[in-house]
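Report on the structure given below.
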Amino acid sequence: METTAVGTRLVEVVVPVHNEQRALRESIARLHAYLATTFPYGFRITIADNASTDDTWGLATELARELPRVRAVHLDEKGRGRALRRVWSESEADVVSYMDVDLSTDLDAFLPLVAPLLSGHSDLAIGTRLARASRVERGPKREFISRSYNLLLRSVMGAGFSDAQCGFKAVRTEIAQALLPAVEDEQWFFDTELLLLAERHGLRIHEVPVDWVDDPDSRVDILRTALDDLRGLARVARKTLSGAARIPMPAQVRRAELPRGMARQLPRFAIVGVVSTLAYLALFTMSRQVVPAQAANAVALLVTAVANTAANRRFTFGVRGAGGALRDQVEGMIAFLVGLALTSGSLALLPDGVSHGVELVAVIAANAAATLVRFLLLRVWVFNPERRRNAR
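Going by full-length UniProt numbering, the sequence shown opens with residue 1, and the numbers climb by one from there.
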């Protein structure tokens, strides 16, 4: 027996598909049965076919005829982001969501995902595979790539959410339709761009730990997707620094503001960080020709840490004059030691005989984490204006 919907609230579940004739019928039937028997709100399942060349579209239309509250939409071009944009922008539901067709995420997490949005407690909700309460089964390669990517988001872009790539998300419809015109990507980076834009505008992002099992038949091109994501991150960073990312939001949406002074400090710190990272990579590469990786890392990190502290002292935090410069450098060494521990640890975890390229990837990921720690230490301790006034 189907459950009775709570009031007239409607949740639209989009399942983007491309050449998924093998899994489509079983997955949609399972999803429909689960929602019809356990979900306390009204729902609609929309199969969004992205230019499939097999019998996916035929199966989708059959399922729409056979199952109540299932419909099918066809797009002539590929792209998960394109499919979500099409359905979400036209939806009249209270909440729009999506999940991958393989249903890798346990469906028991769906109600906790959308409930805070229907209650008005949150604006967006994401499933996270990186929480302690999550139970995840996937190979070490995907695990490393996923964690490195999300670490990069948190350290370089300042993201507060933990898992940008889990195919299990929901948004209040009015929020989605306000954000969509500013989201440029039509492929896999669509999720990340949407979340970064939402966070930039002070929207509330709710995270739900999920149980997740990797689909061994996944056909995602990991390398191409990673490169596209990096290009997308660079584009979003440019828009954010230029102020072009601002868009009008519904008046009732609660906004968040950066702590005092941070709006000026973050772009300057980012510029110093980019220059320091390039200098570090150059020094590491040159030193690596004559000394082991750990020694090359220590030398490169020490030289760039001293220069980085001096540049941030003057450029980011506006400290002038020689007074206290030595003390600032000594305290800045704490950040150096954190960076040294992270990068040395990442190198130590690598197996013997790996290529120089793999070493570079490892130290870049570790440096991204160290960059976040450095900014926090410099802001709240080394160059804290209240602390400096008390010292004087």
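Built from N, CA and C at the ideal position, the CB exists for glycine as well.
| Asked | Found |
| --- | --- |
| Option nearest residue 112 by Cα separation, candidates 168, 83 and 69 | 168 |
| Option nearest residue 55 by Cα separation, candidates 143, 363 and 19 | 19 |
| Proximal residues to residue 138 (C-beta, below 6 Å), its chain only, five neighbours per side dropped | 214 |
| Residues bridged to residue 212 (per DSSP) | 105 and 136 |
| Residue 57 burial status per 10 Å Cβ neighbour count (16 or more: buried) | buried |
| contact_flag[the stretch 120-140, the stretch 68-83] where n(CB pairs < 8 Å) is 3 or more | no |
| Three-way DSSP call (helix, strand, coil) for residue 343 in this model | helix |
| Continuous alpha helix (DSSP H) assignments of at least 4 residues falling wholly in the UniProt domain "GtrA/DPMS transmembrane" (268-383) | 293-311, 325-348 and 356-377 |
| Stretch pair the stretch 325-336 + the stretch 278-295: three plus CB contacts closer than 8 Å | no |
| Exposed unless 16 or more other CB atoms sit within 10 angstroms - verdict on residue 316 | buried |
| Residue range of the alpha helix (DSSP H) that includes residue 114 | 110-118 |
| Where the alpha helix (DSSP H) containing residue 194 begins and where it ends | 190-200 |
| Residue 187 versus residue 52 - alpha carbon distance | 15 Å |
| Nonlocal neighbours in the same chain, by C-beta distance under 6 Å from residue 183, ignoring five residues either side | 193 and 194 |
| Among 92, 369 and 126, nearest to residue 273 - alpha-carbon criterion | 369 |
| Segment limits, beta strand (DSSP E) that includes residue 34 | Counting along the chain, residue 34 falls outside any beta strand (DSSP E), though it belongs to the alpha helix (DSSP H) covering 24-38. |
| Supposed close pair residue 93, residue 12 - CB separation, criterion 8 Å | 4 Å |
| Classification of residue 121 by the beta-carbon crowding that lies within 10 angstroms, buried from 16 upward | exposed |
| Nearest residue (CA-CA) to residue 90, options 271, 174, 145 and 237 | 174 |
| Proximity of residue 372 and residue 312 at Cβ, strictly below 8 Å | no |
| Same chain, Cβ closer than 8 Å to residue 15, neighbours up to 5 away in sequence not counted | 27, 28, 31, 45, 46, 47, 48, 98, 99, 100 and 101 |
| Of the listed residues 177, 129 and 197, nearest to residue 165 (C-alpha basis) | 129 |
| Distance CB(residue 125)-CB(residue 170) smaller than 8 Å | yes |
| Range of the contiguous beta strand (DSSP E) that encloses residue 127 | 124-128 |
| Cβ-Cβ separation, residue 306 to residue 398 (assumed contact under 8 Å), whole Å | Nothing can be reported for residue 398, as the shown portion of the chain is limited to 1 through 392. |
| Residue 232 classed as buried or exposed, judged by whether at least 16 other C-beta atoms fall within 10 angstroms | buried |
| Separation of residue 83 from residue 177, as counted between CA atoms | 14 Å |
| Residue 145 - partner residues in DSSP beta bridges | Residue 145 is not bridged to any residue. |
| Residues near residue 109 by beta carbon distance below 8 Å, same chain, minus five either side | 127, 168, 208, 209, 210 and 211 |
| CA-to-CA distance, residue 326 to residue 189, given in whole angstroms | 44 Å |
| Reduced DSSP category for residue 69 - H, G, I as helix; E, B as strand; rest coil | coil |
| Straight-line Cα distance separating residue 278 from residue 294 | 18 Å |
| Buried versus exposed call for residue 229 [16 or more other C-beta atoms within 10 Å across all chains shown] | buried |
| Residue 46, DSSP secondary structure in three states | strand |
| Where the alpha helix (DSSP H) through residue 419 begins and ends | Since the displayed the chain opens at 1 and closes at 392, residue 419 lies outside it and no answer follows. |
| Cutoff 7 Å; reference residue 21; Cβ partners in own chain excluding five residues on either side | 54, 55, 56 and 59 |
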